[in-house]
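Quick notes on the structure that follows.
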Amino acid sequence: DTGVSQDPRHKITKRGQNVTFRCDPISEHNRLYWYRQTLGQGPEFLTYFQNEAQLEKSRLLSDRFSAERPKGSFSTLEIQRTEQGDSAMYLCASSPALAKNIQYFGAGTRLSVL
Amino acid sequence: AQTVTQSQPEMSVQEAETVTLSCTYDTSESDYYLFWYKQPPSRQMILVIRQEAYKQQNATENRFSVNFQKAAKSFSLKISDSQLGDAAMYFCAYKMGGADGLTFGKGTHLIIQP
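In the order they appear, the protein sequences are chains A and B.
Going by our numbering, the residue at position 82 of the first sequence is 82; the numbering climbs one at a time, nothing skipped.
Going by our numbering, the residue at position 100 of the second sequence is 214; the numbering climbs one at a time, nothing skipped.
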């Protein structure tokens, strides 16, 4: 068990470009979460999947953001037409069905929009 | 909406001493969970300790313990025998029972003086 894996660790992009991040949860964890963390702040919840179903979305998740978990395993988070305000650390977490209140976090993807 | 407040942006303690980090929260729910997470520099968030609101007994994990005051909506973290490896950002988090996203405070930067 290698923990929650996120790829890439760092992404630099120009404003207006699309970016996609990947998260691989801990094996057999059926719940997967995305958070955004800006400098000097705590993480903010974006969205949550149970298996392949996206069950909860924060109002922070604008229409430029889309998340998928097609086979209930890995997940992708895409940001279209990036803006400088999207610069942040994007964190993924997962939890198992029998301990759903405990979330295990990945190291995050740091996005810089120039 | 639930909020989590950490009033200490930074705390400093001598190695081997004891330090207490403060956290207050606001909720009208009766079913919820509270957590302390540790985020070392450039590393992933690690769960330190958790507390179920229905449990009166304060949680402990080795050198880490909490003081959970439900009526006062206070959830402080005590670290005994501080070690250099304890240096990190510490985040207090709240999760409503039945919901899935965590609500985090802004964090406390803990410095360990050798």
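Ideal Cβ positions, reconstructed from N, Cα and C, are used throughout, including at glycine.
Model, not experiment: these values are computed from the prediction.
Exercise for review: Under 6 Å Cβ to Cβ from proline 123 of chain B, same chain only, skipping five residues before and after it: list those, please.
Suggested key: Apart from the 5 residues on each side of it in sequence, proline 123 of chain B has no Cβ closer than 6 Å to any other Cβ in its chain.
Review point. So, does the CB of phenylalanine 205 of chain B fall closer than 9 Å to a CB anywhere in chain A?
Key: Residue-level contact check: phenylalanine 205 of chain B touches chain A, since one or more beta carbons of chain A fall below 9 Å from its beta carbon.
Check your understanding: Under a Cβ-count criterion, where at least 16 other Cβ atoms within 10 Å of its own Cβ denotes burial, should arginine 59 of chain A be classed as buried or exposed?
Key -> Counting of Cβ neighbours within 10 angstroms places arginine 59 of chain A among the exposed residues, the total staying below 16.
**Study point:** Through-space distance from glutamine 17 of chain A to asparagine 181 of chain B, alpha-carbon basis
**Key:** In a straight line, the C-alpha of asparagine 181 of chain B is about 47 Å away from that of glutamine 17 of chain A.
Check your understanding: When the cut-off is 9 Å and only beta carbons count, does tyrosine 90 of chain A lie next to chain B?
Key -> It does not; no Cβ of chain B falls within 9 Å.
Exercise for review: Could you tell me which chain B residues have their CB closer than 8 Å to the CB of glutamate 68 of chain A, listed as they occur along the chain?
Suggested key: Result: empty, since nearest Cβ-Cβ is about 17 Å, beyond 8 Å.
Practice item. Give the residues of chain A in contact with leucine 135 of chain B, contact being defined as C-beta atoms less than 9 Å apart. Key: Within chain A, no residue comes near leucine 135 of chain B; the closest Cβ sits about 13 Å away, beyond 9 Å.
Check your understanding: What is the rounded straight-line gap between the Cα of phenylalanine 154 of chain B and the Cα of phenylalanine 105 of chain A?
Key -> A small correction: the amino acid at residue 154 of chain B is proline; phenylalanine does not occupy that position in the sequence shown. Roughly 13 Å separates the two Cα atoms.
Practice item. List the DSSP bridge partners of glutamine 6 of chain A. Key: In the DSSP output, where bridge partners are listed per residue, glutamine 6 of chain A has A:Cys23.
Exercise for review: Using alpha carbons as the reference points, say which of A:Ser27, A:Ala107, A:Val113, A:Ser112 lies closest to tyrosine 35 of chain A.
Suggested key: Answer by Cα proximity: A:Ala107.
Practice item. Throw me the rounded Cβ distance for the phenylalanine 205 of chain B and glycine 221 of chain B pair, which I believe falls under 8 Å. Key: Indeed they touch by this definition, with Cβ atoms about 5 Å apart.
Exercise for review: Name the two residues that bound the continuous beta strand (DSSP E) containing methionine 210 of chain B.
Suggested key: Per DSSP, methionine 210 of chain B belongs to the beta strand (DSSP E) from 202-210.
Exercise for review: Just tell me which of B:Arg177, B:Lys192, B:Asn172 has its CA closest to the CA of glutamine 183 of chain B.
Suggested key: Closest by alpha carbon: B:Asn172.
Check your understanding: Taking the alpha carbon of threonine 20 of chain A as the point to measure from, which residue in A:Gln6, A:Ala97, A:Leu32, A:Tyr33 has its own alpha carbon closest?
Key -> When A:Gln6, A:Ala97, A:Leu32, A:Tyr33 are compared, the shortest CA-CA separation from threonine 20 of chain A is found for A:Gln6.
Point to revise | Contained beta strand (DSSP E) runs [length at least 3] in the region 39-67 of chain A, N- to C-terminal order | key: Whole beta strand (DSSP E) segments, 3+ residues: 44-50, 53-57.
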